[in-house]
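Report on one structure; see the data block that follows.
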Amino acid sequence: MAYPSIKIRALQAFIAVYEEQSFSRAAERENTTQSGMSTQVKGLELVLGVPLLVRERKRFALTPAGEIIYREGQAILKALMATEKAVQEMRGAVAGLVRFGMIPSLTRSVLIPALHQFQSQFPDVELSLLEEYSFSLMRRVLDGELDFALVPSTDLPAGLTGTYVGRDCEMLVSGAAAGIGTPHLAPIPLQALSGCRLIVPSRLNVRRKHIDTLLNTHGVHLAEMLEMDGMLATLEMIGATDWVAILPSAICHPDKAGTVRRLNPIKDPPISLDYVLVEKAEMAAPRAARLLADCLVAHVAVILADWDDLPIADPERHYQKP
1 MAYPSIKIRA LQAFIAVYEE QSFSRAAERE NTTQSGMSTQ VKGLELVLGV PLLVRERKRF
61 ALTPAGEIIY REGQAILKAL MATEKAVQEM RGAVAGLVRF GMIPSLTRSV LIPALHQFQS
121 QFPDVELSLL EEYSFSLMRR VLDGELDFAL VPSTDLPAGL TGTYVGRDCE MLVSGAAAGI
181 GTPHLAPIPL QALSGCRLIV PSRLNVRRKH IDTLLNTHGV HLAEMLEMDG MLATLEMIGA
241 TDWVAILPSA ICHPDKAGTV RRLNPIKDPP ISLDYVLVEK AEMAAPRAAR LLADCLVAHV
301 AVILADWDDL PIADPERHYQ KP
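Under our numbering, the first residue of the sequence shown carries the number 1, and numbering increases by one thereafter.
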């Protein structure tokens, strides 16, 4: 019987070096030495008889053979991990630690009902949540620190896969007392922000570039702009002052009654935001992580669908199974 010449460790090293674009960062990720990573990759190239990586403008690019090994190697590692986990999960009930990440836009409305349902069904699962912005969460998923994360749709780093969750719409949020002269939940044109004092996220937030572009292209002249990255602090400031913000409808859901903050879906143009579930491409998520992800995604769908009675409801934003 013939045995493959490719070693699993060498495959892991090659994938890590390409995804990290650095032998030193790959070594840190795989908890080994830089020389060890170099030896593994060189050994893999010697076994196959072809180069897999080439230097192009201070970055690593895949050769045609490297593209095959990277693509198939991810599938091989994921299949091995899935096989191992399937056998482990035969031994008993759903249990273990699930480490997951969510952006602040989703934690305020989705987290409590989702965790209540999940923990009532699977009380033996231990949960660890990290609330950060998308780039940091994706980095942690890639490094293996998180099993998955829910983030806005954006360009994914090599080594991650994304599954569409749902489409959200952005709203203008203002204090119920201060107001902006438009009834609660009535659509409002983007131009109505002219003369407002607007709170915006920092440029680390993937939404910031889109907001800046829209304000500039539509000629919206603000009275003042304040950069603030804390979502809850932003909501508190809006409720107590005349500052306003553009926020996804998901984080606004607790304010649907309009008693503290007034919500106005933005139109002309409507602003949308897609959510995706990101996972490491070559890793098979544990059963507990898969079940939690399904639970969270289902609750995101419930929150988004609860806005469907608004005049600008988007029929494509519901959760769709891939």
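Glycine included, each C-beta is placed from N, C-alpha and C at the ideal position.
1) In whole angstroms, give me the CA-to-CA distance for residue 120 and residue 36.
2) DSSP on residue 35, reduced to helix/strand/coil?
3) How many Å lie between residue 61 and residue 133 at the Cα?
4) Using DSSP's beta-bridge definition, name the partner residues of residue 227.
5) Measure the CB-CB distance between residue 272 and residue 167 and report whether it falls below 9 Å.
6) Using DSSP's beta-bridge definition, name the partner residues of residue 99.
7) Please classify residue 105 as buried or exposed, where buried requires at least 16 other C-beta atoms within 10 Å of its C-beta.
8) Looking only at its own chain, which residues have a Cβ that is under 6 Å from the Cβ of residue 256, when we skip the five neighbours before and after it?
9) From residue 101 to residue 291, what distance separates their C-alpha atoms?
10) Of the residues 227, 151, 234, 163, which one's Cα is nearest the Cα of residue 174?
11) Round the Cβ separation of residue 252 and residue 171 to the nearest angstrom and send it over; I've been treating them as touching at under 8 Å.
12) Measuring alpha carbon to alpha carbon, tell me which of 117, 156, 242 ends up nearest residue 206.
13) Can you check whether the CB of residue 8 is closer than 9 Å to the CB of residue 77?
14) Let's see if you can read the secondary structure: which residues bound the beta strand (DSSP E) around residue 264?
15) Excluding the five sequence neighbours on either side, which residues of its own chain have a C-beta within less than 6 Å of the C-beta of residue 320, listed in chain order?
16) Could you please give the first and the last residue of the uninterrupted beta strand (DSSP E) stretch that includes residue 62?
17) Please confirm whether residue 29 and residue 16 have their CB atoms less than 9 Å apart.
18) Should residue 264 be labelled buried (16 or more other beta-carbon atoms within 10 Å of its own) or exposed?
19) In terms of alpha-carbon separation, which member of 250, 280, 236, 64 lies closest to residue 305?
Taking the structure as given:
1) 46 Å
2) helix
3) 28 Å
4) 200
5) Yes, they are a contact pair.
6) 128
7) So residue 105 counts as buried.
8) none
9) Residue 101 and residue 291: Cα-Cα distance of roughly 15 Å.
10) 234
11) 5 Å
12) 156
13) Yes, they are a contact pair.
14) 261-267
15) With a pLDDT of only 41 at residue 320, under the threshold of 50, the placement of this residue in the model should not be trusted, and no figure is reported.
16) 59-62
17) yes
18) That one is buried.
19) 250
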